[in-house]
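K.L.:
Take a look at the following structure, please.
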């Protein structure tokens, strides 16, 4: 079954409040929704919310290349994922965000055609419960502590804290939050590359007594070769994030010297196809993984839940971004349940759709 046409939608979702990391504030998320349509009319959905600070892409770059990129895979058999990705990568280097949206839509419609949920299409099975954390945005100590208390009241048992602005202040942030929420809540931190090398070591040592599960991206991704120094000197486990985009990056990081964990994002890997390669590398080297994202809608985080069922090494899930949006344009997909357990619809593909009334108000490009 061949790809007949592809539709591109340019959308924006407002956030309930400004989301701040060490890389800067985010007031709204810009999305591209991709619909891949087959010869018989069956279609699948994908999306991206490009990050200029991490991927070096924005909505303008994605829209400028999306039509020609989509045209490059027309008339290809939907089950030839290797060929589809080869075509995308030959057409242009990088541009992982927009490629990921196309790739996800292809996997969605391919699994629909064989009448299997995505996780089954990929050889997985439902064998564990999935829970998400919720993220405390970077702010003053007082405001971050207030956020954490509110998150606990809302029933979350795992809280992720954005840090990376200033090491000594970050220690005080964690101290205040831990003292306010008690010891029964799991705490994770994400520095978003904000610390220098020595600052990272000093800060992580200072935070150790507050029982931190792990730290994501302590130093700049251009200094990934220095992660070994941070890991060797940190009492807190290190998770590679912005330094991990591809399977080639994974090969460099699995020596056990640079990090204990991987953080994968579909928008970083360029889609499911490359993510599967990284998962295999991690499994062979006994590396545990987290699946997170940027500020996408439920489409991408539904993908994350499906992928969690294909590997025992996918241990952590950071899937709170859909909760940040004022509006949910997605029908179906993952559902947040009691204690913030996540469950998927056990139906063909991702079992997601974008609301027609939402799409009517946004620009469409047909390929």
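In our numbering, the protein residues as written are 3 to 369. Using N, Cα and C, we set each Cβ at its ideal position, and we do this for glycine too.
Which two residues bound the contiguous alpha helix (DSSP H) that contains residue 241?
P.N.:
Element bounds for residue 241: not the alpha helix (DSSP H) but the beta strand (DSSP E), 240-242.
K.L.:
Report, in whole angstroms, the separation of the C-beta atoms of residue 252 and residue 280, which I expect to be a contact under 8 Å.
P.N.:
At roughly 5 Å, the Cβ-Cβ gap stays under 8 Å, so residue 252 and residue 280 are in contact.
K.L.:
Can at least three beta-carbon pairs, one atom from the segment 200-209 and one from the segment 296-310, be found at a separation below 8 Å?
P.N.:
No, because fewer than three Cβ pairs between the segment 200-209 and the segment 296-310 fall closer than 8 Å, the two stretches do not touch.
K.L.:
Once you ignore the five residues that flank residue 140 on each side, which residues in its own chain have a CB closer than 8 Å to its CB?
P.N.:
Excluding sequence neighbours, residue 140 sits near 22, 23, 24, 146, 164, 165, 166, 167.
K.L.:
Can you give the Cα-Cα distance for residue 241 and residue 263, rounded to whole angstroms?
P.N.:
Cα to Cα, residue 241 sits roughly 4 Å from residue 263.
K.L.:
So, for residue 138: in the same chain, excluding its five sequence neighbours on each side, which residues have a beta-carbon less than 8 Å away from its beta-carbon?
P.N.:
146, 149, 150, 153, 161, 162, 163, 164, 179, listed in sequence order.
K.L.:
Would you mind reading off the limits of the alpha helix (DSSP H) that contains residue 275?
P.N.:
Looking at the DSSP string, the run of the alpha helix (DSSP H) that includes residue 275 is 274-286.
K.L.:
So does the segment 112-119 actually touch the segment 290-302, counting three or more Cβ pairs closer than 8 Å?
P.N.:
Flag = no, the segment 112-119 and the segment 290-302 do not touch.
K.L.:
What is the residue span of the alpha helix (DSSP H) that residue 307 lies within?
P.N.:
Segment 300-310, the alpha helix (DSSP H) holding residue 307.
K.L.:
Which runs of the beta strand (DSSP E), 3 residues or longer, sit entirely within the segment 204-256?
P.N.:
Here the runs fully enclosed are 214-218, 240-242.
K.L.:
Are there 16 or more other CB atoms within 10 angstroms of the CB of residue 170, so buried, or fewer, so exposed?
P.N.:
Exposed, since its Cβ has fewer than 16 Cβ neighbours within 10 Å.
K.L.:
For residue 333, tell me which candidate among 322, 312, 359, 341 has the shortest Cα-Cα distance.
P.N.:
For residue 333, the nearest C-alpha among the options comes from 359.
K.L.:
Assuming residue 108 contacts residue 80 under a Cβ cut-off of 8 Å, what Cβ separation, rounded to an integer in Å, is found between them?
P.N.:
At roughly 6 Å, the Cβ-Cβ gap stays under 8 Å, so residue 108 and residue 80 are in contact.
K.L.:
Are the beta-carbon atoms of residue 366 and residue 70 separated by less than 8 Å?
P.N.:
Cβ atoms of residue 366 and residue 70: not closer than 8 Å.
K.L.:
Within 8 Å, do at least three Cβ pairs link the segment 116-133 to the segment 41-61?
P.N.:
Verdict: no, contact absent.
K.L.:
Could you say if the segment 84-100 and the segment 314-331 meet the contact criterion of at least three C-beta pairs nearer than 8 Å?
P.N.:
Flag = no, the segment 84-100 and the segment 314-331 do not touch.
K.L.:
Terminal residues of the continuous beta strand (DSSP E) containing residue 344?
P.N.:
Element bounds for residue 344: 343-345.
K.L.:
Please say whether residue 273 and residue 101 have beta carbons closer to each other than 8 Å?
P.N.:
The answer is yes: Cβ separation under 8 Å.
K.L.:
Using the Cβ count rule (16 or more neighbours within 10 Å means buried), how would you classify residue 233?
P.N.:
By the 10 Å Cβ count, residue 233 comes out buried.
K.L.:
Consult DSSP for residue 40 and reduce its assignment to one of helix, strand or coil.
P.N.:
Reduced to three states, the DSSP call for residue 40 is strand.
K.L.:
Go ahead and pull the three-state DSSP assignment for residue 169.
P.N.:
Helix.
K.L.:
Alpha carbon to alpha carbon, how far is residue 106 from residue 118? Give it in angstroms, no decimals.
P.N.:
Taking the straight line from one Cα to the other gives about 15 Å.
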